[in-house]
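Read the structure below first, then the notes.
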Ligand SMILES: Cc1ncc(C[n+]2csc(CCOP(=O)(O)OP(=O)(O)O)c2C)c(N)n1
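Chains as they are written, first to last, in the working numbering: chain S, 1 to 353; chain A, 354 to 601.
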């Protein structure tokens, strides 16, 4: 750990990725995260690493796919419309078992929408998005510091499971200036080309082929079952969440990312008035922390889910609650960010306040 | 018995999935021989396309990846930029390269990516049953131009090497044909020049190979070679359209 530096979220995330060992960046400009690729374009050449502005997000993700096939730590960053274009690549990457990191600074949609912060890509990120049965690990930081720490986890998880890791942020986190402290630089000199990588056969006795194609259904089913096995392992050991003031809570707010951060202020307002409410903040959106929701079901009177969308994580909260307690929802749409007061007021309505 | 002719070692023992008389086999052979003669086999990663040659990695025995339809040049770029010492080539059909993947192709060429593309022009989409491709000739009947390709409805055939030759990024841009022994010998020379452009890090290189599709053209292999010679080559002439200094 070094000293604290005041940095904008959208630049800090790039610096963190670089220190975490990102050896290549391929991407295409899109607001609200243009500072991120711009930062990479300055820093990567300084370090002798790869930066390339692709002709589109379609090309960018396929460049990422190519680099991932060589076992190189590779990243792209984009925002919602760009992420939609990348879905084909995500699906191929999933069924090729190659590692990479993708940052989505979500903005208001659907369509061209706007450039304001949103959380409306939750379904797309956590349930697949592209075609076929697949998942990516999805991480949702709620501060600039957490976002920076998470870039190390993102690359480590990607390599550990040979999977795509999505870091889901929004324009608010990107525009925020906060003091951050970076973890130690990853030892990139120690990186070796993995034995499965397609870089030319060289001295290897076998040749490597990376493909998502398996034309016989009985073989493709086996390939799918292996993927599912990987997902079950991830669901078992990689779930992360934060519980905030939950010990004595009678009510729970569920929220992720920026909304969770705002909701912490709402909780403190409530607590000043003697209302015992806490927060469950999923940090991994996939795998989702169903178990902690189940654990708290008997303790609390109801769940109150807050998101900057029309109720997406809400479905996972309900799965965890399984009908045992009411689950209420408050959401803002189209790039509108709720205030702490607004959340508190909406919450109080449910307890009859 | 004396062995006087055999398949290149780089080609596997596997039977190909190609139709009888399909020139994909000739193209595979020329590539394999060239990789061997230029001592590139162990450094090579081939990016295979979606199309009839989607299983190409079963037949040419190098490291390989299988791209999404049209994305081969982007994937090859991704590999080559982080592994410049690898020899990276794409093998693509005319639907894959000139239709769905034209942006990836043009931009890889414009950037002068140090990759090589072998582009098989068979005038239609073979794998999906013979639909119109960007290279389909005016008047040509395909399953989606049942009345023949009409300019007012379907536009005109695309000349990819001629287009790419207007860019500064490519080091070598050529078109060859696979319809006769002389043309095949010439095609191999062009392929080797394209490979040398990459080996010398001079820039992007591409060779279009005018091919045939007996099954979907509904012709015998011999008839389709004759059609290639009489009808296709006048529209898609053999030639070297851009050769920068150092390519040999
Ligand atoms: C995104 C996407 N769209 C469409 C297809 C269906 N498809 C498979 S191969 C092909 C055309 C291939 O034609 P070409 O590139 O000319 O190669 P050929 O089969 O003639 O060798 C199409 C349209 C696909 N696999 N993926």
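Glycine included, every Cβ here is placed at the ideal spot set by N, Cα and C.
Open item on the list: Please return the same chain residues whose Cβ sits closer than 6 Å to the Cβ of residue 346/S, not counting the five positions on each side in sequence.
Closed with: Stepping through the first chain from its first residue, residue 346/S is reached at position 346. The answer, listed in chain order, is 330.
- [ ] Using a threshold of 8 Å, state whether the C-beta atoms of residue 480/A and residue 374/A are closer than that.
- [x] Stepping through the second chain from its first residue, residue 480/A is reached at position 127. Stepping through the second chain from its first residue, residue 374/A is reached at position 21. At the C-beta level, residue 480/A and residue 374/A stay beyond 8 Å of one another.
Open item on the list: Pairs of beta-carbons, one from the stretch 266-277 of chain S and one from the stretch 326-345 of chain S, closer than 8 Å: are there three or more?
Closed with: They touch, by the three-pair rule.
- [ ] Can you grab the Cα-Cα spacing for the pair residue 223/S / residue 95/S, in whole Å?
- [x] Walking along the first chain from the start, residue 223/S turns up at place 223. Walking along the first chain from the start, residue 95/S turns up at place 95. Whole-angstrom Cα-Cα distance: 8 Å.
Open item on the list: Short of 7 Å in beta carbon distance, which residues of its chain neighbour residue 130/S, apart from the five on each side in sequence? Order them along the chain.
Closed with: Position 130 of the first chain, counted from the first residue, corresponds to residue 130/S. The residues 87, 88, 90, 91, in chain order, have a CB closer than 7 Å to that of residue 130/S in the same chain once the five nearest residues on each side in sequence are set aside.
Task: Every unbroken alpha helix (DSSP H) within the stretch 106-164 of chain S, with a cutoff of 4 residues, ordered by chain - done: The qualifying runs are 122-126, 144-161.
Open item on the list: Looking at ligand 1, does it come within less than 7 Å of residue 447/A, judged from the CB to the closest heavy atom?
Closed with: As a working note, residue 447/A is residue 94 in the second chain. Checking the 7 Å criterion, the Cβ of residue 447/A is within range of a heavy atom belonging to ligand 1.
TODO: Kindly provide the ranges of any beta strand (DSSP E) runs that are 3 or more residues long and lie completely inside the stretch 183-245 of chain S, ordered along the chain.
DONE: Runs of the beta strand (DSSP E) inside the stretch 183-245 of chain S: 241-244.
- [ ] Please check if any C-beta of chain A sits within less than 8 Å of the C-beta of residue 148/S.
- [x] Along the first chain, read from residue 1 onward, the residue named residue 148/S stands at position 148. So no, residue 148/S is outside the interface.
TODO: For chain A, find out if any of its Cβ atoms is closer than 8 Å to the Cβ of residue 59/S; answer yes or no.
DONE: Here the question's residue 59/S lines up with position 59 in the first chain. Yes, its Cβ sits closer than 8 Å to a Cβ of chain A.
Open item on the list: Using a Cβ-Cβ distance cut-off of 8 Å, determine whether residue 300/S contacts chain A.
Closed with: What you label residue 300/S is simply residue 300 of the first chain in a count that begins at 1. No, its Cβ sits nowhere closer than 8 Å to a Cβ of chain A.
- [ ] May I ask you to report which of helix, strand or coil DSSP gives residue 593/A?
- [x] The residue given as residue 593/A occupies position 240 in the second chain. Correct three-state label for residue 593/A: strand.
Open item on the list: Applying the 10 Å Cβ sphere with the 16-neighbour rule, what's the burial state of residue 354/A?
Closed with: Indexing the second chain from 1 puts residue 354/A at position 1. The residue in question, residue 354/A, is exposed, as its Cβ has fewer than 16 Cβ neighbours within 10 Å.
Open item on the list: Taking its Cβ as the centre, do 16 or more other Cβ atoms sit within 10 Å of residue 307/S, making it buried, or is it exposed?
Closed with: Sequence index remark: in the first chain, residue 307/S carries index 307 (1-based). By the 10 Å Cβ count, residue 307/S comes out buried.
- [ ] Flag residue 377/A as yes if its beta-carbon sits less than 8 Å from any beta-carbon of chain S, otherwise no.
- [x] The count along the second chain starts at 1 and reaches residue 377/A at position 24. For residue 377/A, the answer is no, since every Cβ of chain S falls outside 8 Å of its Cβ.
TODO: Measure from the alpha carbon of residue 623/A to the alpha carbon of each residue in 356/A, 425/A, 402/A, 462/A, then state which is nearest.
DONE: Residue 623/A falls outside the range modelled here, since chain A spans only 354 to 601, and no answer is possible.
Task: Contact list for the stretch 521-544 of chain A against chain S, Cβ threshold 7 Å - done: Of all residues in the stretch 521-544 of chain A, none is placed with a Cβ closer than 7 Å to any Cβ belonging to chain S.
TODO: Could you tell me whether the stretch 427-440 of chain A touches the stretch 54-70 of chain S, where touching means 3 or more Cβ pairs closer than 8 Å?
DONE: Yes: the two stretches touch, three or more of their Cβ pairs being nearer than 8 Å.
Task: Reduced DSSP category for residue 177/S - H, G, I as helix; E, B as strand; rest coil - done: Counting from 1 along the first chain, the entry for residue 177/S is found at position 177. It is a strand residue.
Open item on the list: Below 7 Å on C-beta distance, what does residue 88/S contact in chain A?
Closed with: For the purposes of this step, residue 88/S is identified with residue 88 of the first chain, where counting begins at 1. Near residue 88/S (Cβ distances below 7 Å), the residues of chain A are 421.
Task: Interface residues of chain S facing residue 624/A [CB-CB closer than 8 Å] - done: It is not possible to answer for residue 624/A, since the shown part of chain A is limited to 354 through 601.
TODO: Check whether the Cβ of residue 471/A sits closer than 7 Å to any heavy atom of ligand 1, and report yes or no.
DONE: The residue labelled residue 471/A in the question sits at position 118 within the second chain. For residue 471/A, the Cβ stays outside the 7 Å cut-off from all heavy atoms of ligand 1.
Open item on the list: Please classify residue 18/S as buried or exposed, where buried requires at least 16 neighbouring CB atoms within 10 angstroms.
Closed with: Position 18 of the first chain, counting from 1, holds the residue named residue 18/S. Buried, since its Cβ has 16 or more Cβ neighbours within 10 Å.
TODO: For residue 544/A, collect the residues of the same chain with a Cβ closer than 6 Å to its Cβ; drop the 5 residues on either side in sequence, then sort them by chain order.
DONE: The sequence position of residue 544/A within the second chain is 191, counting from 1. Setting aside the 5 residues that flank it on each side, residue 544/A is surrounded in the same chain by 383, 387, 560, each with a C-beta closer than 6 Å to its C-beta; the list follows chain order.
Task: Residue-chain proximity (residue 85/S, chain A), Cβ-Cβ < 8 Å - done: One-based indexing of the first chain puts residue 85/S at position 85. Output row for residue 85/S: interface = no.
- [ ] Evaluate residue 43/S with the Cβ neighbour count: other Cβ atoms within 10 Å of its Cβ, from every protein chain shown; 16 or more gives buried, anything less gives exposed.
- [x] Position 43 of the first chain holds residue 43/S. With 16 or more Cβ atoms within 10 Å of its Cβ, residue 43/S is classed as buried.
Task: Opening and closing residue of the beta strand (DSSP E) in which residue 445/A lies - done: Looking up residue 445/A in the second chain gives position 92. According to the DSSP assignment, residue 445/A belongs to the beta strand (DSSP E) that extends over 440-446.
Task: CB contact check: residue 212/S to chain A, cutoff 8 Å - done: Within the first chain, the letter at position 212 stands for residue 212/S. Chain A contact via Cβ: present.
TODO: Please decide whether residue 389/A counts as near chain S, where near means a Cβ-Cβ distance under 8 Å.
DONE: The sequence position of residue 389/A within the second chain is 36, counting from 1. Taking Cβ atoms only, chain S never reaches closer than 8 Å to residue 389/A, which makes this a no.
TODO: For residue 476/A, return the contacting residues in chain S, with the cut-off set at a CB-CB distance below 9 Å.
DONE: In the second chain, the residue the question calls residue 476/A occupies position 123. Those within 9 Å of residue 476/A in chain S number zero; the least Cβ separation is about 25 Å.
Task: Which residues DSSP lists as bridging residue 473/A, in chain order - done: Looking up residue 473/A in the second chain gives position 120. Answer by DSSP bridge pairing, in chain order: 446/A, 562/A.
TODO: Name, going along the chain, the residues of the stretch 434-451 of chain A whose beta-carbon falls closer than 9 Å to a beta-carbon of chain S.
DONE: Those would be 434, 435, 436, 438, 439, 440, 441, in chain order.
TODO: Please list, in chain order, all residues of the same chain as residue 153/S whose beta carbon is under 6 Å from its beta carbon, the five residues on each side excluded.
DONE: In the first chain, the residue the question calls residue 153/S occupies position 153. Excluding sequence neighbours, residue 153/S sits near nothing in its chain.
Task: Cβ contact check for the stretch 554-574 of chain A and the stretch 364-378 of chain A: 3 or more pairs under 8 Å - done: Yes, they touch.
Open item on the list: Could you compute how far the alpha carbon of residue 558/A sits from the alpha carbon of residue 81/S?
Closed with: Taking the second chain and counting its residues from 1, the one referred to as residue 558/A is at position 205. Taking the first chain and counting its residues from 1, the one referred to as residue 81/S is at position 81. Looking at the backbone, the Cα of residue 558/A and that of residue 81/S are separated by about 33 Å.
Open item on the list: Less than 7 Å separating the Cβ of residue 405/A from some heavy atom of ligand 1?
Closed with: Start at 1 with the first residue of the second chain, and residue 405/A comes out as number 52. At a cut-off of 7 Å, the beta-carbon of residue 405/A counts as near ligand 1: some heavy atom of the ligand is closer than that.
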